[in-house]
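Just so we're aligned: 51 in the UniProt record's numbering is position 51 of the sequence shown, and the numbers increase by one with no gaps anywhere.
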Amino acid sequence: MERIPILRMGNCLIVAIQVDMHDRLAIALQDDLTERIVKDKAKGVLIDISALDVVDSFIGRMISNTAAMATVLDAETVVVGMQPSVAITLVELGLTLSGVSTALNVEKGMALLQQRRR
């Protein structure tokens, strides 16, 4: 089965979603990411969605739920690279991604995670 790579950088995990997300892949990512947070004792998670042009309500909820799970596991989550069309779709679907910080790009997202860890 297809998997999305999870990279470690210091005490942060980086997930760059470079493929079209489907339901099974989203669930696998959620499982893999929560396992890695615990295994690596990660304090931050950066999810790069810049390659996603379309997000449906399920994928939007999965991103929100994954961030909530990371918070319970003591890791802050930042979503970066959101395309305007994705932001519009999420708002139209009523998904505000509460509890999820956002940044324009990976550099700004990492700076935000470092700032919050201090």
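Even for Gly, the Cβ is constructed at its ideal location relative to N, Cα and C.
### Query
Where do the N-terminal and C-terminal ends of the beta strand (DSSP E) with Ile-14 fall, by residue?
Taking the first residue of the sequence shown as position 1, residue 14 is located at position 14. Run containing Ile-14: 12-16, per the beta strand (DSSP E) assignment.
Nearest neighbour of Leu-112, chosen from Val-19, Asp-32 and Val-45 [CA to CA]
Position 112 of the sequence shown holds residue 112. Closest by alpha carbon: Val-45.
- Under three-state DSSP, which class holds Val-19? As a position in the sequence shown, residue 19 is number 19, starting the count at 1. Of the three classes helix, strand and coil, the one that applies to Val-19 here is coil, per DSSP.
Open item on the list: Relative to the C-alpha of Ile-17, which candidate in Gly-94, Gln-114 and Ala-51 has its C-alpha closest?
Closed with: Working through the sequence shown from its first residue, we reach residue 17 at position 17. The shortest Cα separation from Ile-17 among Gly-94, Gln-114 and Ala-51 belongs to Ala-51.
- request: Can you tell me the Cβ-Cβ gap for Ala-42 and Val-78, rounded? I've got them flagged as a contact below 8 Å.
  value: In the sequence shown, counting from the first residue as 1, residue 42 sits at position 42. In the sequence shown, counting from the first residue as 1, residue 78 sits at position 78. At roughly 12 Å, the Cβ-Cβ gap does not stay under 8 Å, so Ala-42 and Val-78 are not in contact.
Practice prompt. Below 8 Å on the Cβ atoms is my guess for Leu-29 versus Ile-4; work out the distance and round it to an integer in Å.
Written response: What you label residue 29 is simply residue 29 of the sequence shown in a count that begins at 1. What you label residue 4 is simply residue 4 of the sequence shown in a count that begins at 1. The Cβ separation is near 5 Å, so the contact holds.
Exercise. Can you list the beta strand (DSSP E) stretches of 3 or more residues lying completely in the UniProt domain "STAS" (1-113), in chain order?
Worked result: 6-9, 12-16, 44-48, 76-80 and 101-103
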